[in-house]
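With the working numbering as the guide, the letters of the sequence shown map in order to residues 25 to 635. Even for Gly, the Cβ is constructed at its ideal location relative to N, Cα and C. Note that the structure is predicted; figures quoted are calculated from it, not measured.
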Amino acid sequence: MCGIVGYVGNKKAVDILLEGLTSLEYRGYDSSGIAVNIDGKVELFKAAGKLQNLKNIVEKNYTEISKSTIGIGHIRWATHGAPTIENAHPHSCNCGKVAVVHNGIIENFKELKEKLEKRGCTFRSQTDTETIAHLVATKFGETHDLTEAVRLATREIEGAYALCVIHQDLPHTIVATRRNAPLVVGLGDGENYVASDVPALIQYTKKAMYLEDNQIVTLTPDSIQLIDIDNKPLEQKIETLPWEPVALSKMGYKHFMLKEIHEQPDVVRNVLSGKLRAIDENVILKEVTLDRETLKNLNRIQIVACGTSLHAAMVGKYIIEDFCGISVDVEPSSEYIYRKTITDKNTLVIGVSQSGETADTITAVRQAKSKGSHILIVTNRPDSTMAREADSLIPVNAGIEVSVAATKSYMAQLISFYLLAIYMAEVKGINNLKDLKHELIILPQKIEKVLAHKEEIQKCARKFSGSKDFIFIARGINFPTALEGALKLKEISYINATGYTAGELKHGPIAMLDESMPVLSILMKGKVYDKILSNSEEAKARNARMIALTDSDDEKLNELFESIIRIPEISEILSPALAVVPLQLLAYYIAEFLGKDVDQPRNLAKSVTVE
Ligand code: M6R
């Protein structure tokens, strides 16, 4: 959701800006723009729609634009104002000397705008961001110092922001700052970078400095100065970035989503590595600081998350309750934050997030933290804002996920929950989970088998790609799998898909069934197999088109189901980690067959940094 890139050095800034924005494209956006300094004048170039539209404009003016060795760029996901050229960033002030790019939302922009208009500022867009450009220009007029102007401006701004600012009179300076939105500085040799996320930097430098809230950084080609909001100089903490550029390549796959689905066997191996070494050894989770005493005193666990992470959390609830006998509530973060929650120091609150930047989940964990709860964060980004709130951290190690639709990060979250549940059970002295540990160790081979036999899934995708609606049913531990299968399908194919507990079908949804409705039953062997079979019979009796996803080789299923996707046999308790793979593939092939933009579905963003 929105992306920022800034460069100051001796190279053609435009190349680095466009390259950086391309690597952030996966986050979801609907317009883009850059600001450069050409012959001592700040010039803006903007386009609505895909980044390619901006690239086409740049191409026509490349000789001029490429003169600049400084620039800031942005991809925008519209919040205030439609995705038009006027509303695209960068934004400028009356005199056109200042250019600003911004991620986040300025909550008091109406008040600021009114004040600025009274002072003679003319607004050209409907955005909240334009207020920052006018505000910084006003402060620069008073101080003639860009860092000071930005610092003073941030004292008046309320809300969340990551900002980069340039000024015409300072052709070798970028000033950047943040509050509740990520920003990272990349350090080069005679050049420096700034971006809202690592993929924009990683091909240029691995030396980086993460900005913290209210810190202001001033970049020139040869220097970096860091201060706090009170103008106090700060020490710079330089880190080495963990991401490899290879992670950003499709490696021969048509889409990132397909590549990421295929990475899942290795993701499982990675997550288990060093944590589950042998079935007769205890799980090692060094980052989790919950000892027997703390666990004994826990009166409840609350898990907060959104979207796909919420589905992983639902599986987490099932296994923690099953193995450890502790009551677990799972709630969408966006609901949790607007009610009175019964949370105290004896509540463990787990935040789950691929990006670690989801605004609702950050607010939820902060709220719980203020009530004294131990905060455990499960995230794919140990460098994220959410990770910094953690008392205990489980980094899920899925590697960077580019496709907006989460796949391998879901797998990594699931496996992390299995490890956490086993770890907590073992801390409590429960040691009967050897079979599960064995199954976890051989899970990658089973996923590989599913990936090697995709023909039935592809056939099924072709057959059902014309459907307007889709129902997924399951019971017990695979109900979240049904929700996740439905979410994947609607996200990338725009087919209306819903997941139900199979037992609920006859309490309403059954009214929807007729010969045009596909119903996919997740029919894994175990406690609820026969129950789902009966629910599937009920659906078939209403003429629904039945699809089975099963680890059973029962021949009788051939009569009931029009299509059967068979997967290797697996224990019911671990089955969500295998059953989800064919559903990811089904969604992928349907979307691909329909010619949809698989990696960047409409209206969606990779990390949802606004509430
Ligand atoms: O980064 P997070 O895991 O916190 O993101 C939560 C959701 O926005 C995310 O899972 C979303 O539902 C994905 N597009 C799912 O594919």
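(1) Let's see if you can read the secondary structure: which residues bound the alpha helix (DSSP H) around Q326?
(2) For A510, is the beta carbon positioned less than 7 Å from some heavy atom of ligand 1?
(3) Tell me the residue span of the beta strand (DSSP E) that contains D353.
(4) I need the straight-line Cα distance from P223 to G165, nearest angstrom please.
(5) Report yes if the C-beta distance between L658 and R566 is below 8 Å; otherwise report no.
(6) Is S587 close to ligand 1? I mean its beta-carbon at under 7 Å from any heavy atom of the ligand.
(7) Looking at G523 and ligand 1, is the gap between the Cβ and the nearest heavy atom below 7 Å?
(8) Between which two residues does the beta strand (DSSP E) holding I706 run?
(9) What is the rounded straight-line gap between the Cα of K283 and the Cα of Q608?
(10) State the beta-bridge partners of Q249 as determined by DSSP.
(11) Under three-state DSSP, which class holds T46?
(12) Pull the bridge partners of D493 from the DSSP assignment, please.
(13) Which runs of the beta strand (DSSP E) spanning at least 3 residues fall entirely within the segment 414 to 461, listed in chain order?
(14) Suppose only complete runs of 4+ residues qualify. What are the alpha helix (DSSP H) ranges in the segment 134 to 176, listed by chain order?
(15) Are the Cβ atoms of K549 and E593 separated by less than 8 Å?
(16) Mind checking N323: buried by the 16 CB within 10 Å criterion, or exposed?
(17) Pull up the distance between the alpha-carbon of F441 and that of I588, whole angstroms please.
(18) Please confirm whether K70 and S55 have their CB atoms less than 8 Å apart.
(19) Given this structure, state the Cα-to-Cα distance separating L637 from S377, to the nearest angstrom.
(20) Rounded C-beta distance between E215 and K35? I'm assuming under 8 Å.
(21) Determine, using beta carbons only, whether K551 and L443 come nearer to each other than 8 Å.
(22) Between the segment 595 to 605 and the segment 492 to 508, can you find at least three pairs of beta-carbon atoms closer than 8 Å?
(23) Rounded to a whole number of angstroms, what is the C-alpha to C-alpha distance between G30 and E450?
(24) Note down the Cα distance separating I497 from D575, rounded to an integer number of angstroms.
(25) With 16 as the cutoff for other CB atoms within 10 Å, does K65 come out buried or exposed?
(26) Would the beta-carbon of L42 fall within 8 Å of that of V82?
(27) When you compare each of C119, A603, I129 and E259 to H104 by their alpha carbons, which one comes out closest?
(28) So what does DSSP say about G57, is it helix, strand or coil?
(29) Report the three-state DSSP secondary structure of K231 (helix, strand or coil).
(30) With I58 and G33 assumed to form a contact (beta carbons below 8 Å), what rounded beta-carbon distance in angstroms separates them?
(31) Look at the alpha carbon of G27 and the alpha carbon of G490, and state the distance between them as a whole number of angstroms.
(32) In chain order, what residues of the same chain lie with their CB nearer than 6 Å to the CB of S462, ignoring the 5 residues before and after it?
(33) Quick check: what's the CA-CA separation for C484 versus L610?
(34) Can V199 and L170 be called in contact, C-beta distance under 8 Å?
(35) Would a C-beta distance cut-off of 8 Å place H196 and E154 closer than the cut-off?
Reading from the atomic positions:
(1) It is not in any alpha helix (DSSP H) - Q326 instead sits in the beta strand (DSSP E) that spans R324 to A329.
(2) No - ligand 1 has no heavy atom lying nearer than 7 Å to the Cβ of A510.
(3) In the DSSP assignment, D353 falls within the beta strand (DSSP E) that extends over V352 to P356.
(4) Here the alpha carbons of G165 and P223 stand approximately 36 Å from one another.
(5) There is simply no residue 658 to check, as the chain begins at 25 and stops at 635 in what is shown.
(6) False, no ligand heavy atom lies under 7 Å from that Cβ.
(7) Between ligand 1 and G523, a heavy atom-to-CB distance of less than 7 Å is absent.
(8) No statement about residue 706 is possible, as the shown extent of the chain runs from 25 to 635 and does not include it.
(9) When only Cα atoms are considered, K283 and Q608 end up about 12 Å apart.
(10) Answer by DSSP bridge pairing, in chain order: T242.
(11) Helix, per DSSP.
(12) Paired residues: N520.
(13) As far as the segment 414 to 461 is concerned, its whole beta strand (DSSP E) runs of at least 3 residues are 416 to 419.
(14) Listed in chain order, they are 153 to 167.
(15) Yes, the Cβ-Cβ distance between K549 and E593 is below 8 Å.
(16) By the beta-carbon neighbour count (other beta carbons within 10 angstroms, threshold 16), N323 is exposed.
(17) CA-to-CA, the gap between F441 and I588 works out to about 29 Å.
(18) With respect to S55, K70 sits close: the two C-beta atoms are nearer than 8 Å.
(19) One cannot answer for residue 637 here, as it falls past the ends of the chain, which runs 25 to 635.
(20) Contact check for E215 and K35: beta-carbon distance about 7 Å, within the 8 Å limit, so the pair qualifies.
(21) No. Outside cutoff.
(22) Judged by Cβ distances under 8 Å, the segment 492 to 508 makes contact with the segment 595 to 605, as three or more pairs qualify.
(23) Distance between G30 and E450, taken at the CA atoms: about 48 Å.
(24) Their Cα atoms are separated by approximately 16 Å.
(25) Result: exposed.
(26) The beta carbons of L42 and V82 sit closer together than 8 Å.
(27) Looking at the Cα atoms, I129 is the closest of the given residues.
(28) G57 sits in a strand when the DSSP states are folded into three classes.
(29) DSSP places K231 in strand when its eight states are reduced to three.
(30) Actually they are not in contact, since the Cβ atoms of I58 and G33 sit about 15 Å apart, beyond 8 Å.
(31) Between G27 and G490, the C-alpha separation is close to 35 Å.
(32) Rather than Ser, the amino acid found at residue 462 in this sequence is His. Taking C-beta separations shorter than 6 Å and ignoring five residues to either side along the sequence, the partners of H462 in its chain run I303, following chain order.
(33) When rounded, the distance between both Cα atoms is 8 Å.
(34) Yes. Within cutoff.
(35) Their beta carbons are not under 8 Å apart, which means H196 does not touch E154 by this criterion.
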